[in-house]
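Asker: Dropping the structure in here first, questions after.
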Amino acid sequence: MNNDRPARPANPNWGGRFSEGPSEIMERINASIAFDQRLYAQDIAASKAHAQMLVSQSIISAEDGGAIAQGLDTILREIESGSFKFSAALEDIHMNVEARLRELIGPAAGRLHTARSRNDQVATDFRLWVRDAIDTTDQLLQDLQAALLDQAEANTATLMPGFTHLQTAQPVTFGHHLMAYVEMFGRDRGRFRDCRARVNESPLGAAALAGTSFPIDRAQTAKALAFDRPMANSLDAVSARDFAAEYLAAASITATHVSRMAEEIVLWCTSGFDFIELTDAFTTGSSIMPQKRNPDAAELARAKPGRIVGSLVGLLTVLKGLPLAYSKDMQEDKEPVFDAFESLCLGLQALAGMVRDMKARPTAMAAAAGAQYSTATDLADWLVRMLGMPFREAHGVVGAAVAHAAKAGQTLAEVPLDDLRKFEPRITDDVYSVLSAEASAASRTSLGGTAPERVQAAVTEARQRFLAGESA
Ligand code: ARG
1344 MNNDRPARPA NPNWGGRFSE GPSEIMERIN ASIAFDQRLY AQDIAASKAH
1394 AQMLVSQSII SAEDGGAIAQ GLDTILREIE SGSFKFSAAL EDIHMNVEAR
1444 LRELIGPAAG RLHTARSRND QVATDFRLWV RDAIDTTDQL LQDLQAALLD
1494 QAEANTATLM PGFTHLQTAQ PVTFGHHLMA YVEMFGRDRG RFRDCRARVN
1544 ESPLGAAALA GTSFPIDRAQ TAKALAFDRP MANSLDAVSA RDFAAEYLAA
1594 ASITATHVSR MAEEIVLWCT SGFDFIELTD AFTTGSSIMP QKRNPDAAEL
1644 ARAKPGRIVG SLVGLLTVLK GLPLAYSKDM QEDKEPVFDA FESLCLGLQA
1694 LAGMVRDMKA RPTAMAAAAG AQYSTATDLA DWLVRMLGMP FREAHGVVGA
1744 AVAHAAKAGQ TLAEVPLDDL RKFEPRITDD VYSVLSAEAS AASRTSLGGT
1794 APERVQAAVT EARQRFLAGE SA
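First residue of the sequence shown? That's 1344 in our numbering, and the numbers climb one at a time after it.
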């Protein structure tokens, strides 16, 4: 390849060291403005906090500080109204803002970068952005929990089969099943909360890597930006991206939970299950098969971990083996986080939408709940409780009875008492009281169990634990 000659002048931000501009390919690989313009609000807020601190520490004059603050406000308005012209030649959001500030207020703009580097600047902006992303994610998770709680409360006594190995295992209630996800999403919120505490420290004032000789007040800027404290080590402050990796890890686990529930929705909508119905609002048709109603939103929510987990692995791979302190590799930290955040938000909103939209089909669910010898454990428990039989022995007796019923084409409740007695002569008529799916679910009153009154209590308790302080 021959070198393409740069037609551009040197970047004024590099000062006298450069006499020529970058090659076109250098500019393209280097520029991040196409994606980091998303940090504009954080960048401007952090610059305002920094300028204010420089004034209170008498590092710059109040007059310059005032001009900088006003100029930054103007830039914020320009960006938000869409009139701001982003330039790839100015590389990133930080230099785009600073260059415009110089146009607006003149040489005073050059004082803003005193005691600061783009290294602590970008780390600050990105932490502020991730902090907002965490708060948005938490809101969406809470909203999803609210949808699940409403649907669970409407279905505390709706029977459905519980599965292990996706084989019918024991009857449960639909409400109980939905409440399992309320707990999962509750732990997801806890992970984001933990992550937020580590995100919320201020790198600002670490400067390029070593700190600064100016008498800055890092506590002041940290406070102005609602960080809990300044980061303790300047090298760490500009090098750390574990906060972003941690967000992606929490997002990956959450996306996995979304995916599991989305898969269940897909299954429940099939004719084989027929447990729920989604309306036109959350299904699509087929361009060729007129009868089709496809759960595309559930399928896409099921797929989102592909990109979200991919983002986590991508970022960890970028960070792996990086020496301290800043390296340009770290510019590759943002796109995975932006993409994962968007994907996760959509997945969470789609799932909440489907949970609100879905209608249980109680007749089909109850029929499936009672099929496939789902109350065999109840029969074994009856033998243990009434006859004092060791559970292992009861298990063998019931196994034989199920084999017999299957051969005779009967459900357990349909096997005549005389036939049951062939397997255990002490069985009485009372046994039939435990063989229905309804009785089975109702009997499971242990803590965390599926009995309808337990589920109702769980809903009430979870509303307190997860939705108290809800804005809506
Ligand atoms: N755009 C850069 C990034 O996202 C900002 C920091 C640049 N720092 C530097 N020393 N070149 O990482």
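Where a beta carbon is used, it is the ideal one built from N, C-alpha and C, also for glycine.
Check whether the Cβ of Met1673 sits closer than 7 Å to any heavy atom of ligand 3, and report yes or no.
Answerer: Ligands in the displayed structure: ligand 1; ligand 3 is not one of them.
Asker: Please report the distance separating the alpha-carbon of Arg1454 from that of Asp1571.
Answerer: 27 Å
Asker: Which residue's Cα is closest to the Cα of Cys1688: Ile1651, Val1440, Tyr1716, Gln1395?
Answerer: The option with the nearest alpha carbon to Cys1688 is Ile1651.
Asker: Name the one or two DSSP bridge partners that Arg1351 has.
Answerer: Partner(s): none; Arg1351 has no beta bridge.
Asker: Measuring from the CB of His1393, is there a heavy atom of ligand 1 at a distance below 7 Å?
Answerer: no
Asker: Along the chain, which unbroken stretches of the alpha helix (DSSP H) at least 4 residues long are found entirely within the segment 1530-1607?
Answerer: 1561-1567, 1577-1582
Asker: From Leu1492 to Asn1498, what does the alpha carbon distance come to, in whole angstroms?
Answerer: 10 Å
Asker: Is any non-hydrogen atom of ligand 1 found closer than 7 Å to the C-beta of Asp1579, if you look at the structure I gave you?
Answerer: no
Asker: With distances taken between CB atoms, is the gap from Gly1649 to Pro1679 smaller than 8 Å?
Answerer: no
Asker: Just to confirm, does Asn1462 get its C-beta within under 7 Å of one of the non-hydrogen atoms of ligand 1?
Answerer: yes
Asker: Roughly how many angstroms lie between the CA atoms of Met1604 and Asp1623, to the nearest whole one?
Answerer: 20 Å
Asker: Residue ranges of each alpha helix (DSSP H) run of no fewer than 4 residues wholly in the segment 1362-1402, ordered along the chain?
Answerer: 1367-1373, 1376-1379, 1383-1399
Asker: Would the beta-carbon of Val1661 be found less than 7 Å away from any heavy atom of ligand 1?
Answerer: no
Asker: Just to confirm the assignment, what range does the beta strand (DSSP E) spanning Thr1803 have?
Answerer: Element bounds for Thr1803: not the beta strand (DSSP E) but the alpha helix (DSSP H), 1795-1805.
Asker: Would you decide whether Gly1518 is buried or exposed? Buried here means 16 or more other CB atoms lie within 10 Å of its CB.
Answerer: Buried, since its Cβ has 16 or more Cβ neighbours within 10 Å.
Asker: Rounded to a whole number of angstroms, what is the C-alpha to C-alpha distance between Leu1397 and Phe1557?
Answerer: Rounded to the nearest angstrom, the two C-alpha atoms are 9 Å apart.
Asker: Would you mind stating whether Thr1555 and Ala1466 have Cβ atoms separated by less than 8 Å?
Answerer: no
Asker: Within 10 angstroms of the Cβ of Glu1406, are there 16 or more other Cβ atoms? Answer buried if so, exposed if not.
Answerer: exposed
Asker: So is the beta-carbon of Ser1375 under 7 Å away from any non-hydrogen atom of ligand 1?
Answerer: yes
Asker: Checking the sheet assignment: what are the DSSP bridge partners for Thr1705?
Answerer: The question names Thr, but residue 1705 is Pro in the sequence shown. According to DSSP, Pro1705 bridges with nothing at all.
Asker: Can you say whether His1508 is buried or exposed, counting buried as having 16 or more other CB atoms within 10 angstroms of its CB?
Answerer: exposed
Asker: Taking the alpha-carbon positions, what's the Ala1309 to Asn1543 distance?
Answerer: In this structure the chain extends from 1344 to 1815, so residue 1309 is not present and cannot be described.
Asker: Within the continuous beta strand (DSSP E) that includes Ala1780, where are the two ends?
Answerer: From DSSP, Ala1780 is part of no beta strand (DSSP E) but of the alpha helix (DSSP H) over 1780-1786.
Asker: Measuring CA to CA, which of Ala1737, Ser1595, Leu1502 is closest to Ser1686?
Answerer: Ser1595
Asker: For the putative contact between Leu1419 and Ile1387, defined by C-beta atoms under 8 Å, what is the C-beta separation to the nearest angstrom?
Answerer: 5 Å
Asker: Can you give me the C-alpha to C-alpha distance between Met1729 and Phe1809, rounded to a whole angstrom?
Answerer: 41 Å
Asker: Opposite Glu1620 in the DSSP bridges: which residues?
Answerer: Lys1702
Asker: Distance check for Ile1448 and Leu1662, CA to CA, integer angstroms please.
Answerer: Note on geometry: alpha-carbon atoms of Leu1662 and Ile1448 lie some 38 Å from one another.
Asker: Which stretch, first to last residue, makes up the alpha helix (DSSP H) that contains Leu1722?
Answerer: 1719-1730
Asker: To the nearest angstrom, how far is it from the Cα of Ala1315 to the Cα of Gln1395?
Answerer: Residue 1315 cannot be examined here, being either before or after the span of the chain that is shown, 1344 to 1815.
Asker: Which residues in the same chain as Met1344 place their Cβ atom closer than 8 Å to its Cβ, once the five residues preceding and following it in sequence are excluded?
Answerer: Its pLDDT being 46, under 50, Met1344 is placed unreliably by the model, and the measurement read from it follows with that caveat. No residues qualify anywhere along the chain.
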